[in-house]
Amino acid sequence: MSRCGAGVRSRADPALDTLVIQALNGLASASSLFLVASGLTVIFGVSRIVNFAHGSFYMLGAYLAWTLVSHGPLAGLGGFWGFWGGILLAALAIGLIGALAEMTILRRIYRAPELFQLLATFALVLVVQDLVLLFWGPDDKFGPRAPLLRGAVEILGLRFPRYELFLIAIGPVMLGLLWLLFHRTRFGILLRAATQDREMVAALGVDQRLLFTGVFFLGSALAGLGGALQLPREAVTIHMDMAIIVQVFVVVVVGGLGSLPGAFLAALLISELHAFGILAFPRITLVLVFLVMAVVLVLRPHGLLGREPEGAPPASEAGQPLPGPAPRWLRGLGWAALALLLALPPFLGEYPLILLADFAALVLFAASLHFIMGPGGMASFGHAAYFGAGAYAAALLARHLAAPMEAGLIAAPFFAGLVGLAFGWFCVRLSGVYSAMLTLAFAQIAWSLAFQWIEVTGGDNGILGVWPSEWARGRLAFWYLSLALCGLGVWLLRRAIHAPFGMALRAQRDSPLRAEAIGIDAFRIRWLAFALAAAAAGVAGSLFAYGKGSVFPSSLDIPRSVDALLMVLLGGVQTLSGPVLGAIAYAGLQEQLARLTDLWRLVLGLVILALVLFFPSGLAGALQRRRGA
Amino acid sequence: MLRVEGLHAHYGRAHILHGVSLALAKGEVLCLLGRNGAGKSTTMKAIMGLVPPSAGAVLLDERELAGQPPHAIARLGLGYVPEERRIFAGLTVSENLEVGRRPPRAGLQPWSADRIFALFPALATMRQRAASRMSGGEQQMLAIARTLMGNPTLLLLDEPSEGLAPVVVERMAVAVAKLKAEGLSILLSEQNLGFAAAVADQAVVLESGSVRHTGPMAELMRDAELRAKFLSV
Numbered sequence: 001m002s003r004c005g006a007g008v009r010s011r012a013d014p015a016l017d018t019l020v021i022q023a024l025n026g027l028a029s030a031s032s033l034f035l036v037a038s039g040l041t042v043i044f045g046v047s048r049i050v051n052f053a054h055g056s057f058y059m060l061g062a063y064l065a066w067t068l069v070s071h072g073p074l075a076g077l078g079g080f081w082g083f084w085g086g087i088l089l090a091a092l093a094i095g096l097i098g099a100l101a102e103m104t105i106l107r108r109i110y111r112a113p114e115l116f117q118l119l120a121t122f123a124l125v126l127v128v129q130d131l132v133l134l135f136w137g138p139d140d141k142f143g144p145r146a147p148l149l150r151g152a153v154e155i156l157g158l159r160f161p162r163y164e165l166f167l168i169a170i171g172p173v174m175l176g177l178l179w180l181l182f183h184r185t186r187f188g189i190l191l192r193a194a195t196q197d198r199e200m201v202a203a204l205g206v207d208q209r210l211l212f213t214g215v216f217f218l219g220s221a222l223a224g225l226g227g228a229l230q231l232p233r234e235a236v237t238i239h240m241d242m243a244i245i246v247q248v249f250v251v252v253v254v255g256g257l258g259s260l261p262g263a264f265l266a267a268l269l270i271s272e273l274h275a276f277g278i279l280a281f282p283r284i285t286l287v288l289v290f291l292v293m294a295v296v297l298v299l300r301p302h303g304l305l306g307r308e309p310e311g312a313p314p315a316s317e318a319g320q321p322l323p324g325p326a327p328r329w330l331r332g333l334g335w336a337a338l339a340l341l342l343a344l345p346p347f348l349g350e351y352p353l354i355l356l357a358d359f360a361a362l363v364l365f366a367a368s369l370h371f372i373m374g375p376g377g378m379a380s381f382g383h384a385a386y387f388g389a390g391a392y393a394a395a396l397l398a399r400h401l402a403a404p405m406e407a408g409l410i411a412a413p414f415f416a417g418l419v420g421l422a423f424g425w426f427c428v429r430l431s432g433v434y435s436a437m438l439t440l441a442f443a444q445i446a447w448s449l450a451f452q453w454i455e456v457t458g459g460d461n462g463i464l465g466v467w468p469s470e471w472a473r474g475r476l477a478f479w480y481l482s483l484a485l486c487g488l489g490v491w492l493l494r495r496a497i498h499a500p501f502g503m504a505l506r507a508q509r510d511s512p513l514r515a516e517a518i519g520i521d522a523f524r525i526r527w528l529a530f531a532l533a534a535a536a537a538g539v540a541g542s543l544f545a546y547g548k549g550s551v552f553p554s555s556l557d558i559p560r561s562v563d564a565l566l567m568v569l570l571g572g573v574q575t576l577s578g579p580v581l582g583a584i585a586y587a588g589l590q591e592q593l594a595r596l597t598d599l600w601r602l603v604l605g606l607v608i609l610a611l612v613l614f615f616p617s618g619l620a621g622a623l624q625r626r627r628g629a
Numbered sequence: 001m002l003r004v005e006g007l008h009a010h011y012g013r014a015h016i017l018h019g020v021s022l023a024l025a026k027g028e029v030l031c032l033l034g035r036n037g038a039g040k041s042t043t044m045k046a047i048m049g050l051v052p053p054s055a056g057a058v059l060l061d062e063r064e065l066a067g068q069p070p071h072a073i074a075r076l077g078l079g080y081v082p083e084e085r086r087i088f089a090g091l092t093v094s095e096n097l098e099v100g101r102r103p104p105r106a107g108l109q110p111w112s113a114d115r116i117f118a119l120f121p122a123l124a125t126m127r128q129r130a131a132s133r134m135s136g137g138e139q140q141m142l143a144i145a146r147t148l149m150g151n152p153t154l155l156l157l158d159e160p161s162e163g164l165a166p167v168v169v170e171r172m173a174v175a176v177a178k179l180k181a182e183g184l185s186i187l188l189s190e191q192n193l194g195f196a197a198a199v200a201d202q203a204v205v206l207e208s209g210s211v212r213h214t215g216p217m218a219e220l221m222r223d224a225e226l227r228a229k230f231l232s233v
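Read top to bottom, the protein sequences are chains A and B. Using our numbering, the letters of the first sequence correspond one by one to residues 1 to 629. Using our numbering, the letters of the second sequence correspond one by one to residues 1 to 233.
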């Protein structure tokens, strides 16, 4: 993890001093993690936005600091001022960028549903990724050592880097400073008041816009500082954003959203767990971290020091009744599209057929997530776990038992469904952001297994040779197979939504208490729906695997989960045709952009931002509104 | 001082206020009366901008308030004390007052923590107490005190006696009377007729979001028939 981490051994009693050094390493990491996590938790406390882009601000902070320290005008100063001036300037600049993002984008969507805000911040992630590539290129950057803090001190006969000691100190110092800010300054007191009741703060004459912009400045500056301070420790890379954001999510959720002391405690817990986990179970450290998170959330659903939101939960968006039967023209269009999908492919080339089969799998994947998000009212940030479970079920059968495709296709939904039953049992107990974070944690556990359990899964090299049976090997035959299975899957999910089961599902979404009062077992309904969606995602995953002929851990990583979220949100959560439209629009856009430009993330991010700002009810929702108008 | 003309307001698609009009002179206490759901709270929220009025005018010293955001309306001199009190439970008494503090207003004696504690002596003994650990009456005092810290020229008091013990209601009436004596204009909403009669000059009776009666409070108290028609349950 860190370039100058573990000390250099020089003397006896290996067990004890190794442990001490590991504990110190853990403390240093905890400080860095806390800096970033404190920013995220402060922003969430006031704005209720889970800012995915927080990791991007951390990465930008590191890059900016690198430039300022080694190439900017400050670098000419050299030495103390060149380095520390650069670090501070980078943090301030990131604060300004965060404030700018709040003023131009996030301010417009505070009233939008949570997931839309998430979508917007994820669009920022994409934009920043490409901008960083554009400005700094793909190569890793190495910063200088910190002036005054070069070299090491001797602890128990082991050399321990001075800079790490400095980091150990900075965590508690920052916690103290933040405490003073929140309890001894007017700005801090206003922020705490706004965390509880924004509207009342406004009625007392406080301009909330300044508060929100201020809190984004503060939070982003903390992320930037966290990133900048990594400069002497590790290389600056374009993967820093995703690596940190997942850890920070874990810290913030384990500590309790909005709680600074909680974030500090959780950062300590997670970092020490990591430091000692490497000694004890080097292969499953990642699993360990997420397992701890799952246990904490099951025992304390609002985190270690988090409190249940006071008063009644904010009036939820009144769940809309399902739209009535589609108008004749829409049904006509649907049948026409289906006819086209059946009749046209024989005249298509190989590449379009591959694309079509991919799209079919993605449509089913999106529909399965929509099933729990729309009618179920549960957000999942980790739906890729079940897509991947299906894909790996097929691949593992093929690799270890040489099973044919038919067996894989049958096994996939059962395996993914079982995984869904297991994970879902935990996830559906919680609600809102906590539930979403738990799904993310479980997805990361699944990903870590696929990534680290090399003997079985092949690790990063994946599993190759997952081919369809002889009869389906032709692209055309495989397309018809995909169309049939995905069409069947989507149709079954729709049937379930309209069945009594689906009504119970929507009833518990709109009012869990009233649903319970009329005899609906909300937990069982949610649990079953979760498993059903997992099984459907598993079918999609296995088809995807057979289409590609291989499976990699990326089939269950976070970007894959986010893909599903984006497809559903783009389509519109409260419509039935949404996931279908959304999947095709998103996958098509991504594919086209990737072919047209190297900057596809940038363009995609901007398109998503535009959609979020101008079509907050998704594509299908926009169509519906036009029809209604 | 405050003139409301033909005020309409909606919650989503539900039409709540149907053209409410009222006028409040400087230094006066005007009481909104009516049964639950008559539109008293909504009138207050619409004046404050918390429920944006869909039509009509709200004029403070001939200055249009309708359409402005709540924080701007508060800065122009309206102080709102909500029915649910909505004190900041995680903050101490002193911190709650700090949130409400605004710069002094020309021509008004500015409110300070000391002046607040003279009005509500009970609060003086619990400056560092978390607001979540206060009784209902103490919370109501704090809610009023917090709003006073903004040096309002007009106070919107939404059902200050609701849910309080009779002895506390009495103390609240004394405090409101004191504020009135100091020249503060107050728009009050009440279900407790005794409380209203003790402090109000004018009465406006609402029913189903419309004004049914406007007149001096004393007249309403004399006319049992009128009271029975609009206010008895």
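Glycine included, every Cβ here is placed at the ideal spot set by N, Cα and C. These numbers come from a predicted model, not from an experiment.
- Query: Taking the C-alpha atoms as reference points, what is the distance between B/Val169 and B/Ala200?
  - Reply: Here residue 169 of chain B is taken as the residue at index 169 of the second sequence, counted from 1. Here residue 200 of chain B is taken as the residue at index 200 of the second sequence, counted from 1. In this structure, the straight-line span from the alpha carbon of B/Val169 to that of B/Ala200 is close to 15 Å.
- Message: If contacts are defined as beta-carbon pairs under 8 Å, then A/Gly641 and A/Ala93 qualify, I think. What distance do you get, rounded to the angstrom?
- Response: The requested residue 641 of chain A is not part of the displayed model; chain A covers only 1 to 629.
- Determine the closest residue to A/Phe501 out of A/Met242, A/Val173 and A/Ile372, with distance taken between C-alpha atoms. For the purposes of this step, residue 501 of chain A is identified with residue 501 of the first sequence, where counting begins at 1. Of A/Met242, A/Val173 and A/Ile372, the residue nearest in Cα terms is A/Ile372.
- Same chain, Cβ closer than 6 Å to A/Arg209, neighbours up to 5 away in sequence not counted: Working through the first sequence from its first residue, we reach residue 209 of chain A at position 209. Closer than 6 Å at Cβ, skipping near neighbours: no residue.
- Message: For a cutoff of 8 Å on Cβ pairs, would you count B/Glu95 as touching chain A?
- Response: On the second sequence, residue 95 of chain B is found 95 positions in, with the first residue counted as 1. Yes, because at least one Cβ of chain A sits closer than 8 Å to the Cβ of B/Glu95.
- Task: State the beta-bridge partners of A/Val563 as determined by DSSP.
- Result: One-based indexing of the first sequence puts residue 563 of chain A at position 563. Here the sequence assigns Asp to residue 563 of chain A, which means Val is not the residue at that position. In DSSP, A/Asp563 forms no bridge with anything.
- Task: Look up A/Ile284 in the DSSP assignment and say whether it is helix, strand or coil.
- Result: Indexing the first sequence from 1 puts residue 284 of chain A at position 284. Note: A/Ile284 maps to coil in three-state DSSP.
- Task: Can you pull the chain A residues whose beta carbon is under 9 Å from the beta carbon of B/Thr147, in chain order?
- Result: Residue numbering aside, residue 147 of chain B sits at position 147 when the second sequence is read from its first letter. Against B/Thr147, the close residues of chain A are Ala203 and Leu204, in the order they occur along the chain (beta-carbon pairs closer than 9 Å).
- Heavy atom of the ligand NAP within 7 Å of A/Tyr480 beta-carbon: Within the structure as shown, the ligand NAP is missing, as the structure has no ligands at all.
- Message: Between which residues of its own chain and A/Asp130 is the CB-CB distance below 6 Å, once the five residues before and five after are set aside?
- Response: Residue numbering aside, residue 130 of chain A sits at position 130 when the first sequence is read from its first letter. Cβ within range, chain order: Leu599, Arg601 and Leu602.
- Closest by CA to A/Ala53, which one among A/Gly306, A/Leu106, A/Trp81 and A/Ala15? By 1-based counting over the first sequence, the position of residue 53 of chain A is 53. It is A/Leu106 whose Cα lies nearest to the Cα of A/Ala53.
- Task: Please list the partners that B/Pro70 has in chain A, where partner means a Cβ-to-Cβ separation under 8 Å.
- Result: By 1-based counting over the second sequence, the position of residue 70 of chain B is 70. Simply Glu199, Ala202 and Ala203.
- Using 8 Å as the Cβ pair cut-off and three pairs as the minimum, do the stretch 389-409 of chain A and the stretch 528-542 of chain A touch? Short answer: they touch.
- Task: Reducing DSSP to helix, strand and coil, say where B/Ile87 ends up.
- Result: Working through the second sequence from its first residue, we reach residue 87 of chain B at position 87. Coil.
- Taking Cβ to Cβ, would you say B/His18 is nearer than 8 Å to B/His8? The residue labelled residue 18 of chain B in the question sits at position 18 within the second sequence. The residue labelled residue 8 of chain B in the question sits at position 8 within the second sequence. Contact: yes.
- Query: Which of helix, strand or coil does DSSP assign to B/Pro216?
  - Reply: Reading the second sequence from its first residue, position 216 is the one you call residue 216 of chain B. Here B/Pro216 sits in strand by DSSP.
- Taking all protein chains shown into account, do 16 or more other C-beta atoms lie within 10 angstroms of the C-beta of B/Lys178, making it buried, or fewer, making it exposed? Looking up residue 178 of chain B in the second sequence gives position 178. Exposed.
- What is the DSSP secondary structure of B/Lys26, reduced to helix, strand or coil? Within the second sequence, residue 26 of chain B is the residue found at index 26, counting from 1. Three-state DSSP puts B/Lys26 in coil, outside helix and strand.
- Message: At the level of alpha carbons, what is the spacing between A/Leu265 and A/Ala90?
- Response: Looking up residue 265 of chain A in the first sequence gives position 265. Looking up residue 90 of chain A in the first sequence gives position 90. Each residue's alpha carbon lies about 27 Å from the other.
- Contact belief for A/Leu570 with A/Ala585 at Cβ below 8 Å, rounded distance in angstroms: By one-based count along the first sequence, residue 570 of chain A stands at place 570. By one-based count along the first sequence, residue 585 of chain A stands at place 585. Yes, they are in contact, since the Cβ atoms of A/Leu570 and A/Ala585 sit about 6 Å apart, within 8 Å.
- Task: Return the residues of the stretch 166-195 of chain A that lie within a Cβ-Cβ distance of less than 7 Å from chain B, sorted by chain order.
- Result: Answer set for the stretch 166-195 of chain A: Arg186, Ile189, Leu190, Arg192 and Ala193.
- B/Arg171 - containing beta strand (DSSP E), residue span: Your numbering for residue 171 of chain B matches position 171 in the second sequence. Looking at the DSSP string, B/Arg171 is not in any beta strand (DSSP E); the run it does join, the alpha helix (DSSP H), is Pro166 to Ala181.
- So, does the CB of A/Gln574 fall closer than 8 Å to a CB anywhere in chain B? Along the first sequence, one-based indexing puts residue 574 of chain A at 574. Residue-level contact by beta carbon fails for A/Gln574 and chain B, as no gap is shorter than 8 Å.
- Item | For B/Phe120, the three-state DSSP class (helix, strand or coil) | To locate residue 120 of chain B, count along the second sequence from 1; it is residue 120. Three-state result, B/Phe120: coil.
- Rounded straight-line distance, which links the Cα of B/Val167 to that of B/Ala143: Indexing the second sequence from 1 puts residue 143 of chain B at position 143. Indexing the second sequence from 1 puts residue 167 of chain B at position 167. Between B/Ala143 and B/Val167, the C-alpha separation is close to 18 Å.
- Distance CB(A/Leu229)-CB(A/Trp66) smaller than 8 Å: The sequence position of residue 229 of chain A within the first sequence is 229, counting from 1. The sequence position of residue 66 of chain A within the first sequence is 66, counting from 1. No; because the gap between Cβ atoms is not below 8 Å, this pair is not in contact.
- Message: I believe A/Leu181 touches A/Gly188 by the beta-carbon criterion, under 8 Å. Please report the beta-carbon distance rounded to the nearest angstrom.
- Response: Working through the first sequence from its first residue, we reach residue 181 of chain A at position 181. Working through the first sequence from its first residue, we reach residue 188 of chain A at position 188. Right, the Cβ-Cβ distance comes to about 4 Å (below 8 Å), so this counts as a contact.
- Task: Work out the CA separation of A/Arg159 and A/Arg11 for me, nearest whole Å.
- Result: In the first sequence, counting from the first residue as 1, residue 11 of chain A sits at position 11. In the first sequence, counting from the first residue as 1, residue 159 of chain A sits at position 159. With a pLDDT of 47 at A/Arg11, under the threshold of 50, the modelled position of this residue cannot be trusted; read the value that follows with caution. Whole-angstrom Cα-Cα distance: 11 Å.
- Among B/Ser41, B/Ser161, B/Thr153 and B/Leu154, nearest to B/Met141 - alpha-carbon criterion: Start at 1 with the first residue of the second sequence, and residue 141 of chain B comes out as number 141. Taking only the C-alpha atoms, the option nearest B/Met141 is B/Ser161.
- Query: Of all the options A/Ala402, A/Ser577 and A/Leu606, which has the alpha carbon lying nearest to the alpha carbon of A/Arg633?
  - Reply: The displayed coordinates of chain A run from 1 to 629. Any statement about residue 633 of chain A would go beyond what the structure contains.
- Exposed unless 16 or more other CB atoms sit within 10 angstroms - verdict on A/Phe530: Counting from one through the first sequence, the residue named residue 530 of chain A turns up at place 530. Buried, since its Cβ has 16 or more Cβ neighbours within 10 Å.
- Task: Quick one: grab the DSSP three-state call for A/Phe57.
- Result: Stepping through the first sequence from its first residue, residue 57 of chain A is reached at position 57. DSSP places A/Phe57 in the helix class (H, G or I) of the three-state scheme.
- Query: What residues from chain A crowd round B/Val99, counting only those whose CB sits closer than 8 Å?
  - Reply: Here residue 99 of chain B is taken as the residue at index 99 of the second sequence, counted from 1. Chain-order list of chain A residues neighbouring B/Val99: Ile189, Leu190, Ala193, Val201, Leu204 and Val206, by C-beta distance under 8 Å.
- Item | DSSP three-state assignment for A/Ile520, whether helix, strand or coil | In the first sequence, the residue the question calls residue 520 of chain A occupies position 520. Collapsing the DSSP output to three states places A/Ile520 in coil.
- Message: What does DSSP give as the partner residue(s) for A/Pro161 in the beta ladder?
- Response: Locating residue 161 of chain A in the first sequence gives position 161, where the first residue counts as 1. In the DSSP output, where bridge partners are listed per residue, A/Pro161 has A/Ala152.
- Exposed or buried, what is A/Phe359 when buried is set at 16 or more other beta-carbons lying within 10 Å of its beta-carbon? Numbered from its first residue, the first sequence carries residue 359 of chain A at position 359. Counting of Cβ neighbours within 10 angstroms places A/Phe359 among the buried residues, the total reaching 16 or more.
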